[in-house]
Amino acid sequence: GTRSAFAEASSEKMAMEPLQVGSFPTYVAGEPGAPAVIVIQEWWGVTDEIKRHALRIAGAGFRVLVPDIYKGKMSVDKEEAHHLMSNLDFPNAVKEISEAAAHLKQVEKSPKVGVVGFCMGGALTLGALAASADIECGAPFYGVNGQLFECSALAAKPVQGHFGEKDAMTGFSDPATGKKLEADLKAAGNKDAECFVYEGVGHAFMNETPAPYESFEARTAAMGMPPYDKTQAELAWSRLLDFFKKHLM
């Protein structure tokens, strides 16, 4: 799987600074000491797409940190991505994200820290939010793994979930999973839990490029997802940035 010319060209602009936190690599951008957001990768690895998301959040006035959950490994097809995700020690990844949050608060002196993640990173978002006293709020995009958290541990923490109407990943990121997450959080006493479902879009609807595929047609053929819909993605962006401004600034 060769990388597309678009991805090659945009790679130059995705400049984030590498930063070692404890035993694991991360990438950072934005002003140290500003309110911070941890941005968690999809099952592909730390792609330009994830860095693009992080830089957009940094542009809104936040310090951003992207933990490299796979320690530098990247996948170019879904089989490889599945292999990397299947072999991931999820509880350890949650621990590392918690360490990153502690670093942002204690070392960099960010007053507050939030977390957002996509696909596999959505599941890790909820796990880290439940596990870490340093993380105030979380926004999972199309990813829920109920084994990584207890709703009671999230009762006092704002959660904003984002799901695609056409997402067919039953039990992980389909709309019913999003609605169940909201209902379960509310039942556990969470007064600030909301899950949005976006019309006409599927899994990974925030990705502006079809990477690692050459085209959206190729991605649809391989993964079954509809192409990028800027209107829906921008709606999610406005909600996400408002959520972080409200709870972190």
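In my numbering, the protein residues as written are 1360 to 1608.
Heads up, the beta-carbon is just placed ideally off N, CA and C, and yes, glycines get one too.
query, result
"Sub-8 Å separation of residue 1434 and residue 1443 beta-carbons", "yes"
"Integer-rounded CB distance, given that residue 1525 should sit under 8 Å from residue 1585", "6 Å"
"Beta-carbon spacing of residue 1547, residue 1513 below 8 Å", "yes"
"Helix, strand or coil at residue 1401 according to DSSP, with G and I counted as helix", "strand"
"Strand pairing of residue 1553, partner residues [DSSP]", "1519"
"Sheet register partners of residue 1385 (DSSP bridge)", "1378 and 1426"
"Rounded C-alpha distance that separates residue 1465 from residue 1572", "40 Å"
"Proximity of residue 1383 and residue 1450 at Cβ, strictly below 8 Å", "no"
"Residue closest to residue 1404, alpha-carbon to alpha-carbon, out of 1424, 1440, 1417 and 1392", "1440"
"C-beta atoms of residue 1541 and residue 1552 nearer than 8 Å", "yes"
"Counted within 10 angstroms of its Cβ, other Cβ atoms place residue 1417 as buried (16 or more) or exposed", "buried"
"Best match in 1479, 1469 and 1453 for proximity to residue 1489 [C-alpha to C-alpha]", "1453"
"Residue 1503 in three-state terms, based on DSSP", "coil"
"Cα-Cα separation between residue 1501 and residue 1509, rounded to whole angstroms", "18 Å"
"Rounded C-alpha distance that separates residue 1561 from residue 1522", "8 Å"
"Residue 1474 versus residue 1407: straight-line alpha-carbon distance, rounded", "18 Å"
"First through last residue of the beta strand (DSSP E) which encompasses residue 1476", "1472-1477"
"Check whether residue 1554 and residue 1520 have beta carbons under 8 Å apart", "yes"
"Length of the line joining the Cα atoms of residue 1471 and residue 1379", "20 Å"
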